[in-house]
Every structure is written in C-alpha cells, then in structure tokens.
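Counting from 1, one number per residue, gives the positions in the sequence shown under the UniProt record's numbering. Reviewing the structure listed below.
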Amino acid sequence: MNRKGVSTLKVAATYIGTVVGAGFATGQELLQFFSKFGAMGLAGLLISTVMFILFGYIIMDLGKKLNARSHVEIILYSSGNQIGKVIDYIITIFLFGSFSAMIAGTGALFTQQLNFPGLMGNILMAVLTALTVLTGINGVINSISFVVPFLLAAVIGTSVFSIVNTPPDIARAAIITGGNGLMNNWFLSAVLYVSYNTVLSIAVLGPLGASAQNKKAIRNGSILGGLGLGIGSVMIYLALSGNASEIAGLEVPMIYVAGKISYFAQILYALVLTAEVYTTSVGALYGFAARITDIQKNPVKGRIVVATSTVAALMASQFGFSNLVKYWYPVEGYCGIILLVCLAYTTFSK
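What follows is the structure, given as structure tokens:
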C-alpha cells in the first residue's frame, strides 16, 4: 500500500475546505438555497449531504484512475469529447466567478465587521490567494486542510449557542428570506447547491484523488467530508432560523449570530471565516490557472496567468457578494447539472 499519499482525514478536510467558503460560512448560501423553503429546506439539506458523499467519491475515484492533473481528464472521460469541451469551458468560467465571489466576500466582511473599506479586504484576499497558488497543488491541499477543523469548530460552536438561546423559527425564516425566481422548488434547490459546488470543487478533487493513499482513503474521505458538510449546513440553517428578523439584508449573517455570544466570539468567527474564504479562493484560482497552463512545468507563464487572473477577479468582485451568491451560483448550478448526470452515467455504466 502506498503510504506516501494523502490520508483519509486530509482528503475529508480538503473536500470540506474546497466546498465551504464565503457563501457557506457566512450563512448566505443557506439563506438563499434552503431557508425560504421552511421545513422542506431541512429535507433538501439531507439530500445534498448524500449527493456530496456520492459525487465526491466519484470525482476522486476517477481522479485516481486517470491520474488527473486538473478537471479536464475527468470531464473528457465522463462526458466525451464534444460535451466534455463545453463543460470544460463552463467550469473554467465558473472557477473564475467563484474566485471573484470569495474576494467580494472578504470585502463584505471587512465592511460589516471592521468598518474598513471593502476594497482593502478585496486586495488582501486576492494577493494571499495568488501567492499560495504559486506554491502548487501540495501547498493548496495543505492550506485548505489546515483551516477546516477550526472552521467546523467555529460554525458548530456558534450555532449550538444560538440554537440554545434563540430557538429556531423555521416558518418565520421562510417568510423573511423571500424568494428567488431561479430556485422555486426545494428539491431543485438542493440539487443546484450540490451542482455548483461540484463545478467549483472538481478542479481540486480530481488531483486530490490522484494524490490519495488508496481507494479506501478516497471512500472514507468522501463519507467524512460529506457528513461534515451536511452537519455544518444544518447547524447554520437552524441558527439563522432563530435570528431571521435581525439578519434580513445582512451580507454576513453568521457574524451577527456570533456577536450575540460576545464581541470576542464575533472577532474569532470573523478570523476563521476569513481563513475559510481564503481556502475556497485558493481552490478556485488554482483550478482556473491549472486549466490555462501547467503551473509547475511552466512557472513563468504560470505567474503571468495567476497575476492576470487575480487582477481581473478583483475587478469583477465589485459586483457585490450577496448578488453573486443569489444570481451567479444558481446559474452555475443549472449548468453543473449536466456534469452530475455525466459523472453518474459514467460511473454506473462503466
């Protein structure tokens, strides 16, 4: 057995860290995709958890079989040449969009929590992400997996305190959250949630599967990662449901929830949140840059691609964080459904 590969726990942590980011840890994704459906939002979260486990395993297993260096090998294998090229272009575009959303999320955090200009947070996240990506896939995996335990501890701890002190009011949360014409059904919303996150994470999960110790590490890592995502999502959902009136209109609702514990808890959550936004930002930029050029084999061209992409994403981030989550992510999810279908068909037919 190859013991030099990535372990089960690191696979799980990297999977969680690639998926959760600005939208998840701020609570914005849970508000937009699940809260408005009331009790059925919880059913949607259960379905999304199962799908995360399944598709996480499929992608990493294919990554291992194909020794994937980016998402391209997996896409072409599962979707064929013609459809695969279209999906490849879609994923590449959405990786850039996700990177922009993470930068925007940091700006929103700086404005709401520190009363600093949002642009300051935008620039800080953009620069840190670019520097990390230039270290290659090992640097990406290490940076992502290191942050995840702190993120889950902060999310669950904050949520438990909120749930105990402010019992969830799921029905009221559904009324206040309001609607989004792009998502009118709780089941569709759950599928879109997994779909767009798969589009974003496949660029890291493919190479992660190739780096895993063995198939057992991939299987167990997918289960632990999916369960971690599901538990964290449910906790945030319940915490937000008890504070629906206060958080309506906030860009970073979980920061408000943490602030009800204490000012120190609010600062601590903000720091952990910033770190988690950073990990997703790193995954998105790495996936985008790796598709354009081989960063390791051609470092000079890699630096140019990373620098250019970072400046462009910084400009796109000015559209606003909540707008990106509300409109960009659902569109991304609809496009990603094609990818989910191809992955499932390939797995069960071949």
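We put the CB at the ideal spot given by N, CA and C, even for glycine. As the structure is a prediction and not an experimental result, all values here were calculated from the model.
Under 7 Å Cβ to Cβ from residue i, same chain only, skipping five residues before and after it: list those, please.
i, result
"residue 44", "34, 37, 186, 187, 189 and 190"
"residue 242", "162, 163, 166, 167, 168 and 169"
"residue 2", "With a pLDDT of only 43 at residue 2, under 50, the local geometry of the prediction cannot be trusted, and the value read off the model is given with reservation. The residues are 213 and 214."
"residue 274", "106 and 109"
"residue 284", "95, 98, 99, 102 and 200"
"residue 336", "195, 196, 198 and 199"
Tell me where the alpha helix (DSSP H) around residue i begins and ends.
i, result
"residue 99", "81 to 109"
"residue 14", "8 to 19"
"residue 197", "186 to 211"
"residue 29", "28 to 33"
"residue 291", "263 to 292"
"residue 68", "Segment: none, residue 68 is in no alpha helix (DSSP H) and carries neither H nor E."
"residue 332", "329 to 349"
"residue 217", "215 to 241"
"residue 150", "137 to 165"
Identify, in the order they occur along the chain, each residue of the same chain with its Cβ nearer than 8 Å to the Cβ of residue i, setting aside the five sequence neighbours on each side.
i, result
"residue 240", "27, 30, 31, 35, 173, 247, 253, 254 and 257"
"residue 70", "203, 206, 207, 287, 290 and 291"
"residue 156", "231, 232 and 235"
"residue 159", "235, 236, 238, 239 and 257"
Take residue i and list the residues in its own chain whose beta-carbon comes closer than 6 Å to its own, dropping the five residues that flank it on each side.
i, result
"residue 230", "49"
"residue 201", "18 and 19"
"residue 341", "none"
"residue 15", "56 and 225"
"residue 51", "194"
Closer than 7 Å to a non-hydrogen atom of the ligand GTP - does that hold for the CB of residue i?
i, result
"residue 141", "Summarising the ligand content, the structure contains no ligands, and the ligand GTP is consequently not present."
Is residue i buried or exposed, if buried means 16 or more other CB atoms sit within 10 Å of its CB?
i, result
"residue 351", "Examination of residue 351 is not possible in this model, given that the chain is present from 1 through 350 alone."
"residue 263", "exposed"
"residue 330", "buried"
"residue 315", "exposed"
"residue 332", "buried"
"residue 345", "exposed"
"residue 127", "exposed"
"residue 78", "buried"
"residue 312", "exposed"
"residue 348", "exposed"
Rounded to the nearest angstrom, how far is the Cβ of residue i from that of residue j, given a contact under 8 Å?
i, j, result
"residue 208", "residue 12", "Their Cβ separation, rounded to whole angstroms, is 10 Å, which puts residue 208 and residue 12 out of contact at 8 Å."
"residue 151", "residue 272", "6 Å"
"residue 129", "residue 237", "That pair is no contact at about 28 Å."
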